[in-house]
DNA sequence: GATTAATTTGCAACATTCTGCAAAAATTGA
DNA sequence: TCAATTTTTGCAGAATGTTGCAAATTAATC
């Protein structure tokens, strides 16, 4: 049996049962659990499912409303968010990107932290609703209803008028030679401006985005001051470190 | 059963019953209370619920809170909102004020109406989430967390750059001699700009606001083109009519 | 303040995952 | 075709995660 067939069948079973277990699949396919585990890891890296201890569950389905979207804070993002918190101190002006990674940071922001948050993300802003000590500056613009962020000229102009201490840049593809890239043109343009407006640029990146590239260019990798990820000791990241980017 | 399934089921039960108890879950899932406790702690760390003694309750009023507020759209406001709809046609650019009256209009907007909405109100914007045909332009600025509207220079500048066909002005105090007034300075400034940006100004006013005044001046009463209210035949309103303001 | 219930902590048993490695299978290039 | 190379697979041992239990601590109730 070809490997690809196996991968397909795993996705099939997952669709059927809303979960798969290593031991079941190992038996059904007559291969070792290690193999299944590697298969599942590969599918997970392709973003087709979520790997959990003992098996896998379907990927958080493309949530529509941003209220749903908030529920999807994966373990990885939680880990990354906690590391990100270490960068924050009273009095700072902080730009939050629109992605779920930045949202995860917002969701665990201590209530007593006194900062100013500039963002173009509804979810981030509403997450900060009962943080008395956080001042929220919201970027105007055209509203993307899929992800509830604003984009366009207004948004860019807003960030052009800000000098921030830190910018938390959500997941983008990062490649040492190609640089930081994004899947959407508008998004890329906004991120560019956020980066230009910030003293320190911190990228929040899950492993699967490392050494990949997408259609729209944002900046050279070296424009990032820090990359926060779950696998700071990964060999690929050492090259980034050598290029002067701090890895956490 | 995978651990992850257990976590999902806990969230499920929480959604259903608005609370979960360790002992119930322990029995249902056939694991020790300790395990459930650890699960709940983990979910709590992910920000998906609030851990309390003996179980868990849903997360503190989060992002949904301002959509919840929408429910107290009184009967009066429903009536006013329905009348307001008659002013809307495909292709218009419409400014929505931040108050609950304008929100009531947004909440009954037909799904097939093709308009552009400019607003500084989070609730209005999120109300239009699944209106495919409505383009939303959102005004940036400082976010007031009490009412979830933006205000300040940014907001004013945003509306200065717009030419709207209609503006729905939420409840303000209206007095024939004193004019239109509001309780908050910032709010008054924003409303001024909205009025200046619009071809037609429609005020949505419950009866108790008529012939009253507050601290901050917005504009002379005659700047309003139309007043929509529940009591169009009230004697006091005839004077407004005589001054050239249409009463509905 | 005494009593009860819930939580925390440390621990041992167990299960899963990770790591490096070697054999087997597939692919490549002459 | 055959040898060299790469990929895939299974395995063993180490590392890590999970679970239930019991004792110690903390919080709630009367």
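Protein chains in written order, with my numbering: chain A, 1 to 248; chain B, 1001 to 1248. Each residue gets a CB set at the ideal place from its N, CA and C atoms; glycine is no exception.
{"Item": "By DSSP, does residue 1199 of chain B sit in helix, in strand, or in coil?", "Value": "strand"}
{"Item": "Answer with yes or no whether the minimum CB distance from residue 115 of chain A to chain B is below 7 Å.", "Value": "no"}
{"Item": "Counting only C-beta atoms, is residue 129 of chain A closer than 7 Å to chain B at any point?", "Value": "yes"}
{"Item": "Cβ atoms of residue 1105 of chain B and residue 1168 of chain B: under 7 Å apart, would you say?", "Value": "yes"}
{"Item": "Would you mind giving the Cβ-Cβ distance between residue 1218 of chain B and residue 1236 of chain B, rounded to the nearest angstrom? I have them listed as a contact below 8 Å.", "Value": "About 19 Å; that fails the 8 Å criterion."}
{"Item": "Taking its Cβ as the centre, do 16 or more other Cβ atoms sit within 10 Å of residue 61 of chain A, making it buried, or is it exposed?", "Value": "Residue confidence for residue 61 of chain A is low, a pLDDT of 44 falling below 50, so the modelled location carries little weight; the figure read from the coordinates is stated next. Counting Cβ neighbours within 10 Å, residue 61 of chain A comes out exposed, since fewer than 16 surround it."}
{"Item": "What residue range is occupied by the uninterrupted beta strand (DSSP E) comprising residue 226 of chain A?", "Value": "226-228"}
{"Item": "Ignoring anything shorter than 4 residues, give me the alpha helix (DSSP H) runs that lie fully in the stretch 1140-1194 of chain B, in order along the chain.", "Value": "1153-1160"}
{"Item": "Can you tell me whether residue 91 of chain A is buried or exposed, with buried defined as 16 or more other CB within 10 angstroms of its CB?", "Value": "exposed"}
{"Item": "Below 6 Å CB to CB, which residues in the same chain sit around residue 1135 of chain B once its five sequence neighbours on both sides are set aside?", "Value": "1116"}
{"Item": "Just to check my reading of the structure: residue 93 of chain A and residue 164 of chain A have Cβ atoms closer than 8 Å, yes? What is that Cβ distance to the nearest angstrom?", "Value": "5 Å"}
{"Item": "Mind checking the stretch 1137-1166 of chain B against chain A and listing, in chain order, the residues whose C-beta falls within less than 7 Å of any C-beta there?", "Value": "1137, 1138, 1139, 1140, 1141, 1142, 1143, 1145, 1150, 1154 and 1158"}
{"Item": "Under 7 Å between C-beta atoms, does residue 195 of chain A make it to chain B?", "Value": "no"}
{"Item": "Pick helix, strand or coil for residue 49 of chain A, following the three-state DSSP scheme.", "Value": "strand"}
{"Item": "Using three-state DSSP, classify residue 1205 of chain B as helix, strand or coil.", "Value": "coil"}
{"Item": "Could you confirm whether any beta carbon from chain B is found closer than 7 Å to the beta carbon of residue 68 of chain A?", "Value": "Confidence in residue 68 of chain A is poor, its pLDDT being 47 and thus under 50, which makes the residue's placement unreliable; the coordinate value appears in the next sentence. Chain B contact via Cβ: absent."}
{"Item": "If residue 190 of chain A and residue 156 of chain A are in contact, beta carbons under 8 Å, what's the gap, nearest whole angstrom?", "Value": "6 Å"}
{"Item": "Would you tell me roughly how many angstroms separate the C-alpha atoms of residue 158 of chain A and residue 1140 of chain B, rounded to the nearest one?", "Value": "8 Å"}
{"Item": "Does any residue of chain B bring its CB to less than 7 Å from the CB of residue 180 of chain A?", "Value": "no"}
{"Item": "Let me know if residue 244 of chain A comes out buried or exposed under the rule of 16 or more other beta-carbons within 10 Å of its beta-carbon.", "Value": "exposed"}
{"Item": "Taking Cβ positions, are residue 220 of chain A and residue 179 of chain A nearer each other than 7 Å?", "Value": "yes"}
{"Item": "Give the DSSP-derived three-state secondary structure of residue 1212 of chain B in the structure shown.", "Value": "coil"}
{"Item": "Applying the 10 Å Cβ sphere with the 16-neighbour rule, what's the burial state of residue 1187 of chain B?", "Value": "buried"}
{"Item": "In terms of residues, what are the limits of the beta strand (DSSP E) holding residue 58 of chain A?", "Value": "55-58"}
{"Item": "Are the C-beta of residue 230 of chain A and some C-beta of chain B separated by less than 7 Å?", "Value": "no"}
{"Item": "What residues in its chain sit with their C-beta under 7 Å from that of residue 1171 of chain B, if we drop five residues either side in the sequence?", "Value": "1099, 1101, 1204, 1205, 1206 and 1209"}
{"Item": "Taking CB distances under 7 Å as the criterion, tell me whether residue 52 of chain A reaches chain B.", "Value": "yes"}
{"Item": "Under a three-way DSSP split, which group does residue 28 of chain A fall into?", "Value": "helix"}
{"Item": "Between which two residues does the beta strand (DSSP E) holding residue 1094 of chain B run?", "Value": "1093-1096"}
{"Item": "Which of helix, strand or coil does DSSP assign to residue 1136 of chain B?", "Value": "strand"}
{"Item": "Under 8 Å between beta-carbons, which chain A residues line up against residue 1003 of chain B? List them in chain order, please.", "Value": "52, 53 and 54"}
{"Item": "So what does DSSP say about residue 62 of chain A, is it helix, strand or coil?", "Value": "Bear in mind that the predicted position of residue 62 of chain A carries a pLDDT of just 36, short of 50, making it too unreliable to give a figure here."}
{"Item": "CA-CA distance, residue 1223 of chain B and residue 95 of chain A?", "Value": "39 Å"}
{"Item": "When DSSP labels each residue in this structure, what does residue 79 of chain A get in the three-state scheme?", "Value": "helix"}
{"Item": "Counting only beta-carbon separations shorter than 7 Å, does residue 36 of chain A have a partner in chain B?", "Value": "no"}
{"Item": "Between B/1137, B/1025, B/1108 and B/1176, which lies nearest to residue 1127 of chain B when the distance is taken from Cα to Cα?", "Value": "B/1108"}
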